[in-house]
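Engineer: Sharing a structure below in structure tokens format, with a few things to ask.
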Amino acid sequence: MENRNLRAWLYLLPAMLFLGVFLVYPLIDVFIYSLEEGYNFASGTHFGIGLYNYGYVLRDPYFLQALKNTFILVIITVPLSTVIALLISTALASIKPLRKLFQTVYFLPYVTNTLAVGLVFMLLFKQTPYSDGFVNTLLGIFGIAPIDFIDGPYAAKMLVLSLYTIWIVMPFKILILTSALASVKDDYYDAAHIDGTSRTRIFFRITLPMISPSLFYLVITGFIGAFKAYSDAVALFGTNLNAAEMNTIVGYIYDMLYGDGGGFPSYASAAAIILFVIVLTVTVINLLVSKKKVHY
Amino acid sequence: MKKNEAVRLKDKEKTKAILIKIGLYTFLGIWALIVLFPFYWMLLTSLKSYGAYNSEMIPKLYTLAPTIENYLEAFSAVPLGSYLTNTVIFTVITTALMLFISIPAAFAFARMNFRGKDILFTLFLALMMIPNELVIITNYVTVTELGMRNSFAGLILPSVMSVFYIYLLKENFAQIPDQLYYAARVDGTSDFKYLMRVVLPISRPTIITVAILKVIECWNSYIWPSLVTDTKKYYLVSVGIQQIRESGFGRENIPAMMAAVVVVSLPLIILFLVFRNRIMEGVARGGTKG
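Residue numbers (this note's numbering), protein chains in the order written: chain A, 136 to 431; chain B, 2 to 291.
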């Protein structure tokens with residue numbers, strides 16, 4: 136027995152070593168960093184313990200801008216992407232020919248490089264002195280004056296960021312909802328058909344309750360993912376997100392850590408913990424709501 | 002009279018069904034177009050010559066004179082080839098190390114009995130909830146202090162572990178019937194031999210799925226590489242693309258940028274088309290984006 140115990144730990148040792156060094160230790164350390172006041176990266180010294188870093192971050196206009204941007208992004212993209220994904224997967228479930236093809240196409244954004252395709256989105260929306268760009272040309276057909284979506288007004292930039300975020304997260308949502316819809320037993324539908332129930336009624340009374348666990352799973356992961364938005368914004372507006380007024384909370388953390396205004400792991404840690412608390416709170420609220428509404 | 006009405010009713014229903022079908026396919030077609038259009042646009046733009054592209058006041062949806070000059074430019078004006086090599090090295094080593102470390106751990110959880118197993122596994126599961134943003138700060142400081150910035154060690158080591166994959170492998174290993182294990186024990190087969198000769202072949206599909214998901218993750222990773230590399234020598238493709246966007250090709254040569262984007266995107270698109278069922282199944286079982 137002793138021998139077998141030892142052998143099992145040996146199998147686990149490499150994994151535990153990696154997790155310990157790169158996951159557990161940093162997790163403890165980030166709280167310590169966030170409490171060390173006046174930490175100096177070069178010398179590794181600090182002169183006090185307290186909540187100063189949190190106060191600094193919460194008063195920093197760049198952080199407040201990032202907070203605002205992130206919240207707007209979350210509020211727009213999470214409901215919208217979930218509803219569109221629901222519409223698409225319901226439509227997918229009610230066709231037979233071409234279904235596989237559509238499914239494959241819809242999943243494509245999942246495997247693409249966020250930075251690379253973001254560059255294409257930027258190109259499509261950008262207005263240059265020489266050309267209004269593809270989207271503006273399209274809008275021009277409807278008599279809408281060209282807008283610079285990349286360097287222009289705040290609302291326009293937020294719109295592009297939201298659209299790109301939705302484009303990126305859609306594959307995952309469609310996939311999850313499609314498999315959830317496929318697992319609803321035909322018996323329910325057959326029974327409803329015999330009763331002559333209308334399509335809309337079937338959808339709201341049978342389909343929706345049956346897939347509600349998956350739907351809530353998507354809402355929860357959607358919130359978590361959207362709160363961590365960053366790469367999409369970099370792809371569209373470049374690395375200097377503060378200048379573009381398009382920074383996100385995660386962007387703020389990395390800017391604090393490294394980059395032009397960087398070298399402050401304490402501020403970065405405080406911001407990361409604030410983000411973690413926000414995400415945790417939202418997730419707990421989601422879980423409480425789902426307990427009441429979800430049909431298991 | 003009555004029969005006529007029934008036929009009319011049936012016809013009406015048929016028309017309604019056809020209209021619904023048309024509506025559904027139009028809707029699905031529009032979304033397919035939205036998904037595919039950026040890919041078409043990058044390919045199209047990468048084939049337009051620099052002069053032709055810049056003379057288009059109104060962007061054209063086609064080109065009659067495709068050229069590969071942008072691809073030559075992409076590989077010569079910026080070190081795209083070296084970005085690709087770096088990314089391949091990073092992806093292969095990270096994925097291999099991940100499998101090498103996760104498989105024994107998953108095997109220990111699935112098959113071996115030892116004191117504290119349940120508590121340890123619960124702890125492992127709890128680690129899945131930890132967001133990357135919380136740990137990346139200390140990892141950055143650690144790697145900087147160890148002098149591992151701008152090195153493959155610094156890129157790879159913190160990227161290796163994902164608790165989720167250990168979980169996925171463990172669930173799969175646990176499905177292998179106990180009888181096989183006991184039979185092997187009776188024959189005097191060691192745990193290690195059993196893992197190599199029985200578990201690995203049986204679980205090959207899952208292992209391949211896990212490996213592919215990790216490859217996708219590595220190929221697209223941006224945040225960590227952007228933190229620990231600041232010389233072109235060690236750039237991965239994501240950081241390279243960002244570099245190209247901000248200063249490559251004099252910021253003006255859009256067709257060459259798009260050629261670079263195509264080159265970077267293509268490997269994963271091919272991988273996806275080959276393994277699409279496996280990838281989609283793997284993601285449906287609990288992957289997330291980001």
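Note that CB positions come from ideal geometry on N, CA and C, so glycine has one too. Being a predicted model, the structure only gives us computed values, none of them experimental.
(1) Any chance the segment 220-236 of chain A sits against the segment 29-37 of chain B, with 3 or more Cβ pairs inside 8 Å?
(2) Hey, is the segment 197-207 of chain B in contact with the segment 174-181 of chain B, meaning 3+ C-beta pairs nearer than 8 Å?
(3) Tell me, please, whether the CB atom of I242 (chain B) is closer than 9 Å to any CB atom in chain A?
(4) Does I131 (chain B) come out as helix, strand or coil in the three-state DSSP assignment?
(5) Any C-beta of chain B sitting closer than 9 Å to the C-beta of F269 (chain A)?
(6) Any beta-carbon of chain B closer than 9 Å to the one on I333 (chain A)?
(7) Please return the same chain residues whose Cβ sits closer than 6 Å to the Cβ of K290 (chain B), not counting the five positions on each side in sequence.
(8) In three-state terms, what does DSSP make of I358 (chain B)?
(9) Which residues in chain B have a C-beta closer than 9 Å to the C-beta of P400 (chain A)? List them in chain order.
(10) In terms of residue numbering, what span does the alpha helix (DSSP H) encompassing S366 (chain A) cover?
(11) Would you list, in chain order, the members of the segment 71-102 of chain B that have their beta-carbon closer than 7 Å to a beta-carbon of chain A?
(12) What does the alpha-carbon distance come out to for the pair A150 (chain A) and I102 (chain B)?
(13) Could you check where the alpha helix (DSSP H) with H181 (chain A) kicks off and where it finishes?
(14) Whose Cβ in chain B lies nearer than 8 Å to the Cβ of L243 (chain A)?
(15) Identify every run of the alpha helix (DSSP H) within the segment 131-205 of chain B, keeping only runs that are complete inside it and at least 4 residues long; order them along the chain.
(16) Which one of B:M162, B:W220, B:Y195 has the shortest CA to CA distance from L152 (chain A)?
(17) Please report the straight-line C-alpha distance between Y223 (chain B) and T374 (chain A), rounded to a whole angstrom.
(18) For M43 (chain B), is the classification buried or exposed, using 16 other Cβ atoms within 10 angstroms of its Cβ as the cut-off for buried?
(19) Is it buried or exposed, I19 (chain B), if we count other Cβ atoms within 10 angstroms and call 16 or more buried?
(20) Whole-angstrom Cβ separation of Y182 (chain B) and R116 (chain B), contact assumed at under 8 Å?
(21) Using C-beta distances below 8 Å, list every residue in its chain close to Y174 (chain A), excluding the 5 sequence neighbours before and after it, in chain order.
(22) What does G373 (chain A) reach in chain B if we use C-beta pairs closer than 9 Å?
(23) So T217 (chain A) is in the alpha helix (DSSP H); what residue range does that whole segment cover?
(24) For the segment 316-332 of chain A against the segment 378-393 of chain A, do three or more pairs of beta-carbon atoms, one drawn from each stretch, fall closer than 8 Å, so that the two count as touching?
(25) Check this for me: beta carbons of T416 (chain A) and T300 (chain A), under 9 Å apart or not?
Structural biologist: If we stick to the structure as given:
(1) Segments in contact, yes.
(2) Note that the segment 197-207 of chain B touches the segment 174-181 of chain B; at least 3 beta-carbon pairs, one per stretch, sit closer than 8 Å.
(3) Closer than 9 Å to some Cβ of chain A, the Cβ of I242 (chain B) qualifies, so yes.
(4) The DSSP-derived three-state label of I131 (chain B) is coil.
(5) Interface residue, yes.
(6) Note that residue 333 (chain A) is Ser in the sequence shown here, rather than Ile. Not one chain B Cβ lies under 9 Å of S333 (chain A).
(7) With a pLDDT of 43 at K290 (chain B), under the threshold of 50, the predicted position of this residue should be treated as unreliable, and no value is reported.
(8) With chain B represented from 2 up to 291, any question about residue 358 (chain B) goes unanswered, as that position is not in the structure.
(9) For P400 (chain A), the chain B residues whose C-beta falls within less than 9 Å of its own C-beta are I138, T139, Y141, V142, listed in chain order.
(10) Here the alpha helix (DSSP H) through S366 (chain A) covers 366-372.
(11) Sequence-ordered contacts of the segment 71-102 of chain B with chain A read I102 [C-beta pairs closer than 7 Å].
(12) Rounded to whole angstroms, the gap between the alpha carbons of A150 (chain A) and I102 (chain B) is 6 Å.
(13) Careful: H181 (chain A) lies outside any alpha helix (DSSP H) and carries neither H nor E.
(14) Here the neighbours are V36, L37, F40, I270, F273.
(15) Look at the segment 131-205 of chain B and you find these whole runs of alpha helix (DSSP H), each 4 residues long or longer: 133-146, 153-157, 164-175, 179-187, 192-195.
(16) Cα-wise, what sits closest to L152 (chain A) is B:M162.
(17) Cα-Cα distance, rounded: 12 Å.
(18) Burial is judged here by how many other beta carbons sit within 10 angstroms of a residue's own beta carbon; M43 (chain B) has at least 16 and is buried.
(19) I19 (chain B) comes out exposed.
(20) Not quite, the Cβ-Cβ distance comes to about 20 Å (not below 8 Å), so this is no contact.
(21) For Y174 (chain A), where only same-chain residues beyond five positions count, the Cβ hits under 8 Å are Y168, T180, H181, F399, P400, S401.
(22) Neighbours of G373 (chain A) in chain B, taken as residues at a C-beta separation under 9 Å, are given in chain order as Q243, R246, E247.
(23) Counting along the chain, the alpha helix (DSSP H) containing T217 (chain A) begins and ends at 196-228.
(24) Contact fails between the segment 316-332 of chain A and the segment 378-393 of chain A, because fewer than three Cβ pairs, one in each stretch, are under 8 Å apart.
(25) Between T416 (chain A) and T300 (chain A), the C-beta gap is not smaller than 9 Å, which leaves the two residues out of contact.
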